[in-house]
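Counting from 1, position 305 in the sequence shown corresponds to residue 1351 in the working numbering; the numbering is continuous, with no gaps.
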Amino acid sequence: MSDDKKLTTRAADFSAWYNEVVLRAELADYSPVRGCMVIRPSGYGIWERMQRVLDDMFKATGHKNAYFPLFIPESFLHKEAEHVEGFAPEAAVVTHGGGKKLEEPLVVRPTSETIVYSMFAKWVQSYRDLPLLINQWANVVRWEMRTRLFLRTLEFLWQEGHTAHATHDEAEEEARRMLGVYRDFMEGWMAMPVVTGLKTDSERFAGALRTYACEGIMQDNKALQAGTSHNLGQNFAKAFELTFQSESGTQEFAWNTSWGVSTRLIGGLVMTHGDDNGLRIPPLLAPTELVIVPIYRSDEERAKVLEAADRIERNLGEWKRREPNALRVHVDRREGLKPGAKYYDWELRGVPLRMELGPRDLDKQQAVLVRRDTKEKKSVSLDVLGEEVEELLERIQSDMLTAARDRREANSIRGAITYDRFREVMDGEGAFVYAGWCGSRECEAEIKEETKATIRVLPDEEFRSAEAPTTCLKCGAAATTEALWAKAY
Ligand SMILES: [Zn+2]
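This is how it looks when you write it as structure tokens:
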């Protein structure tokens, strides 16, 4: 049972608010191992829904699931020069097994490119074996020094897609396609709008040719990199001799992509939608969409109301809706807890819709529905409850996306901005700043050094400003591109 102490407000301390929501909504807990987390049923239930939806989307785009080992021979990491530079510093390494020192140490996977492409090299002989489209659901380990629940932990859950193609263009198309899948998921299911685009060379994945990312804006105006998709070129194919015989009979290196999203998305969901009363879960991802709170005084009323609540739960559970799933309904039968305390608890946990059901409602064959997102109340007739609940859930889902989009636009800055003003913004309330960039690594590094803001992406066309910026934010030279700047998690 969560205590009744009020949450720290977002305005007072966003970071403290985030930790309190995660802990008190029982999404996750700290573990005995520093930097690791335990995902509790309320958090894991959201992850399971995310997995199910994404898995369907991956399969609809031609991918199949497989599983590769947790351990990777240390030498594999060293075969791709940039990859080892990027991942060796945060690798966990196993040196002993069964009481004996190992001949070759094993790295606990920080990501699986090396072991996957070593296997692809065995499986692919001819162009007829391509494309090879694989996804794996797994855990990975990165020895992070500063950790936050869901956002950065030593071990986290994710999926990693790995594909091999005959040509550069096919790999490029795949990397872009999966970025689009992620965006559709984040907007359509998480109600979290994202800006997509290309990472700069200094921010791209270690070993990739090009990295694309989805960047969401959190309520503290910091960016969250919510998913990435990489065109790996032939870098790993060359390191692991992943070759195939082309149609014309020549021996060629394959082209690879990899792409991933992780349990970090749950952190993104909390920071996009939560309010000072707790979590707000978009209906499509909510393990419980509707909670029924029975109201009664006497034993007689209790029997009557609970019987009605059970009947409603059963009927709604069989309700045929457009989404091919029954409505997810829960009746709060807890004894010794006043309705008000139950409302507070379900608000904290973010259940999208609450039904208040008392004897007087039943006499009138109606119930009161309360939206979690807006707190709006509505009396509805029990005769049309299924339609009403379904319609309200759909409206909540779309209103949450609209609200998040409006907030992003209200906190985006476009057009001419001086570097002094930019520093002021980054020192203060923060924002998504669209500004010109000359393309030099020096300007990028100096801005990061001075303001902690980084180029999140070079935005895709639809996100670029109507009037392209002409000068670099830092040096004032001619801009070669528009960049999206923000501080990030
Ligand atoms: Zn510059």
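A virtual CB, placed ideally from N, CA and C, is assigned to each residue, including glycine. Note that the structure is a prediction, hence the values are computed from the model and not measured.
Residues bridged to residue i [DSSP beta-bridge criterion]
i	result
I1180	K1110, H1208
M1401	I1338, L1415
F1290	E1298
A1269	I1263, A1534
P1119	L1152
Y1076	M1083
D1198	Strictly speaking, residue 1198 in this sequence is Arg, with Asp absent from that position. The partner list for R1198 (beta bridge, DSSP) reads R1194.
A1524	T1517
G1014	Because the chain here runs from 1047 to 1535, residue 1014 falls outside it and cannot be looked at.
Within 8 Å, strictly: CB atoms of residue i and residue j
i	j	result
T1517	A1525	yes
G1207	F1104	yes
Y1228	G1273	yes
V1426	E1436	no
D1212	L1288	In the sequence as displayed, the identity of residue 1212 is Ala instead of Asp. Not closer than 8 Å, so no.
D1378	K1388	yes
L1403	P1329	no
L1311	L1336	no
L1519	A1481	yes
A1112	I1161	no
G1243	A1221	no
T1157	N1302	no
R1469	E1495	no
Cα-Cα separation between residue i and residue j, rounded to whole angstroms
i	j	result
E1218	S1304	11 Å
C1489	I1459	19 Å
Y1064	V1316	7 Å
T1309	G1295	44 Å
R1198	R1502	18 Å
R1192	A1300	37 Å
A1106	R1223	12 Å
E1131	L1073	34 Å
P1405	F1509	53 Å
S1048	S1486	The predicted model places S1048 with a pLDDT of 46, which falls under 50 and marks its position as unreliable, so this point remains unresolved.
D1230	R1194	26 Å
D1391	W1183	32 Å
E1159	T1527	31 Å
G1108	K1384	51 Å
A1058	F1117	44 Å
R1056	H1276	34 Å
Y1173	H1124	28 Å
Y1535	L1270	6 Å
P1115	D1356	46 Å
D1466	K1498	14 Å
S1061	S1164	42 Å
W1531	V1079	35 Å
W1145	L1152	Per the sequence presented here, residue 1145 reads as Gly, with Trp not at that position. Using only the alpha carbons, I get a separation of about 15 Å.
F1202	V1187	7 Å
D1445	G1313	20 Å
Residue i CB to nearest heavy atom of ligand 2 below 7 Å
i	result
V1416	The model depicted lacks ligand 2 and carries ligand 1 instead.
Quiz: which residues have CB nearer than 6 Å to ligand 1 non-hydrogen atoms: C1484, S1486, C1489, C1518, K1520, C1521, A1523
Taking three-plus beta-carbon pairs below 8 Å as touching, is the stretch 1396-1413 in contact with the stretch 1360-1374? no
I'd like to know if the stretch 1461-1480 and the stretch 1265-1281 are in contact, where contact means that at least 3 CB-CB pairs between them fall below 8 Å. yes
Are the stretch 1221-1239 and the stretch 1446-1461 touching, with three or more C-beta to C-beta distances below 8 Å? yes
Count the C-beta pairs between the stretch 1337-1354 and the stretch 1252-1261 that are closer than 8 Å, then say yes if the count reaches three, no if not. no
With three or more beta-carbon pairs closer than 8 Å as the criterion, would you say the stretch 1393-1402 touches the stretch 1323-1333? yes
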